[in-house]
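Residue numbers (this note's numbering): 5 to 142. Yeah, the Cβ is synthetic: ideal placement off N, Cα and C, and Gly gets one too. Have a look at the structure below before the remarks.
See the structure below:
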């Protein structure tokens, strides 16, 4: 059930109602899938400039910055995502992973605990034994 709900949430985030925005987002996703990080970042830069309130454009750019190892830019974009959509468990979990890699475990724990409060079945949970619990109990 959790996986189905997760997929529905991502579908809402990734599929904006505005058809122009949707097409531009798809173009950026296609560039990412094709393995062209520079083109992907260029498209996402334009997307966040033209649609600054569309949280998922910021999140996708944060993901690209993470992929290329620019954690400072990625963390900044995650902050923007969370300003626009405080329940974005993907941005929280992603930022937690970066904080772990930057040896900032207290910040990572804070973000992961918040993410798990929203989505208790995140796979990143395994990296935080202090946050383990039986989420299947009612």
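Can you give me the Cβ contacts of residue 120 inside the same chain, cut-off strictly under 7 Å, excluding the 5 residues immediately before and after it?
-> Counted from its first residue, the chain shown places residue 120 at position 116. Same-chain partners within the cutoff: 126, 129, 135.
Can you find at least 3 beta carbon pairs, one from the stretch 57 to 64 and one from the stretch 100 to 115, that sit closer than 8 Å?
-> Touching, no, given that fewer than three Cβ pairs across the two stretches are closer than 8 Å.
Note down the Cα distance separating residue 19 from residue 30, rounded to an integer number of angstroms.
-> Along the chain shown, read from residue 1 onward, the residue named residue 19 stands at position 15. Along the chain shown, read from residue 1 onward, the residue named residue 30 stands at position 26. Rounded to the nearest angstrom, the two C-alpha atoms are 9 Å apart.
Label residue 78 either buried or exposed according to how many other C-beta atoms from any shown protein chain fall within 10 Å of its C-beta, with 16 as the threshold for buried.
-> Walking along the chain shown from the start, residue 78 turns up at place 74. Classification of residue 78: buried, given that the 10 Å Cβ count is 16 or more.
Taking only heavy atoms of the ligand SAH into account, decide whether any of them is closer than 7 Å to the Cβ of residue 45.
-> No copy of the ligand SAH appears in this structure; indeed no ligand is present at all.
Own chain residues within Cβ distance below 8 Å of residue 141, not counting five before or after | Locating residue 141 in the chain shown gives position 137, where the first residue counts as 1. Per-residue confidence for residue 141 stands at a pLDDT of 45, beneath the threshold of 50, marking its modelled position as unreliable; the derived number appears in the next sentence. Counting only Cβ-Cβ distances below 8 Å, and skipping sequence neighbours, we find nothing.
Runs of beta strand (DSSP E) lying entirely within the stretch 80 to 121, each at least 3 residues, in chain order = With a minimum length of 3 residues, no continuous beta strand (DSSP E) run stays inside the stretch 80 to 121.
Beta carbon of residue 62, beta carbon of residue 42: below 8 Å?
-> Here residue 62 refers to the residue found at position 58 of the chain shown. Here residue 42 refers to the residue found at position 38 of the chain shown. It is not a contact, given that the beta carbons lie outside the stated cut-off.
Would you kindly check if the distance between the Cβ of residue 95 and the Cβ of residue 66 is under 8 Å?
-> Here residue 66 refers to the residue found at position 62 when the chain shown is read from its first residue. Here residue 95 refers to the residue found at position 91 when the chain shown is read from its first residue. Result yes, Cβ atoms of residue 66 and residue 95 sit closer than 8 Å.
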